Amino acid sequence: MSFETYREQWRGRVSEVTVGAAGGVNDARKSITVGGAGALPFIDIDGPIPHRPAVAAEVWDVRPDWPAPLAMAYGAVLDDPVAWAQKCVRDGADLICLRLAGADPEAGDASPEACAAVVRSVLGAVDVPLIILGCGSDEKDNLIFPAVCAAAEGARCLVGPVHKDNYRTIAAAAKVAGHAVIAQSPVDVNIQKQLAVLLEEMELGPQDVVFDPTTGALGYGLDYTYSVMERIRLAALQGDRHLSSPLVVFAGYEAWRAKEAGLAGGSVDQGVVWEVVTATALLHAGADIVVLLHPNAVRAVKRYLRELTGEAAA
620 MSFETYREQW RGRVSEVTVG AAGGVNDARK SITVGGAGAL PFIDIDGPIP
670 HRPAVAAEVW DVRPDWPAPL AMAYGAVLDD PVAWAQKCVR DGADLICLRL
720 AGADPEAGDA SPEACAAVVR SVLGAVDVPL IILGCGSDEK DNLIFPAVCA
770 AAEGARCLVG PVHKDNYRTI AAAAKVAGHA VIAQSPVDVN IQKQLAVLLE
820 EMELGPQDVV FDPTTGALGY GLDYTYSVME RIRLAALQGD RHLSSPLVVF
870 AGYEAWRAKE AGLAGGSVDQ GVVWEVVTAT ALLHAGADIV VLLHPNAVRA
920 VKRYLRELTG EAAA
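For any residue, its number in the working numbering is found by taking its place in the sequence shown, counting from 1, and adding 619.
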């Protein structure tokens, strides 16, 4: 008796986005391409899945006020973003996610020039692509990103986030300098699509945009995020080009925001477990880039991806 495996036929594909192209800042810089899938995550019998999801490690330009179990994993390098980024690369990160928290007007209020200098220093110290995040203040981010994008010109970074009410200045700076942008929505498919249309009007198409649907780490937050990501990915595979961009999730930042994350849970810190659980769940929802904090989480998620995709250990 013969048996024929059923294969789902999809007419659409996720757009490919490449970051880290070699350029004037560092000619030896590695490139990473995400997206391109023609099937649901890890179901490669239904269509091509040309690129494995990437794992990024987060670095701050100032020392963060993190729970002790997380801070102890980095020690003195928390005071030096260059040394911190280099450690993350040694620990296996595919990308560095540089958060310019020091620009926050209620924190260090770093100038655009100071932020640009940090970006140049980190770019010069590592050979992996960079994700560059602002401080979270729309007004200040609009001030720093023109200088930051210009400082990183040629390195093809992923910058942002931009959202529906604040996208023009950052998107324009990214476009001029050849960067891709993170388009953020509040766990809402319709707003995500509207923002994609607005960015396309600024000549930033799906190949220049990565979606951040906003990550929830625990309980209903994770459930809502997972559902929205599934809807975005299904829309892409069904041919909706405005929802075809790859997805990034900030699993580490969200997991460690819970006060319980700082409590040791036996031999493994709860924060690390929550990072890994959040990241692996959202990988199955379609995440193309997961951003983590603890080096043990980076190693665990990379090992999980190797085992799931059948790759040999690095």
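Positions of the beta carbon are idealized from the N, C-alpha and C atoms, including for glycine. Fair warning: this is a prediction, and the values are worked out from it, not measured in the lab.
Taking every protein chain shown into account, the CB of P667 has fewer than 16 other CB atoms within 10 angstroms, so this residue is exposed. Nearest C-alpha to V741 among Y839, C776, W893, A729: C776.
Restricted to the stretch 852–913, the beta strand (DSSP E) segments that are unbroken, complete and at least 3 residues in length are 908–911, listed in chain order. E772 carries a coil assignment under DSSP once its states are collapsed to helix, strand and coil.
Here R860 is actually not in contact with G905; their C-beta atoms are around 16 Å apart, not less than 8 Å. Each of E677, T833, I664 was checked against the Cα of T624, and the nearest Cα belongs to I664. Straight-line measurement puts the Cα of L689 at about 10 Å from the Cα of G871. Remark: C-beta atoms of V767 and A720 do not approach each other more closely than 9 Å.
If only complete runs of 4 or more residues are kept, the stretch 656–740 shows the alpha helix (DSSP H) at 687–690, 700–709, in order along the chain. Taking the C-beta atoms as reference points, K794 is found nearer than 9 Å to D827. Its Cα nearest to that of I751, the residue A771 stands out among A771, G929, D907.
Counting along the chain, A799 sits inside the beta strand (DSSP E) bounded by residues 799–803. Between the C-alpha atoms of G824 and F622 there is a straight-line separation of about 42 Å.
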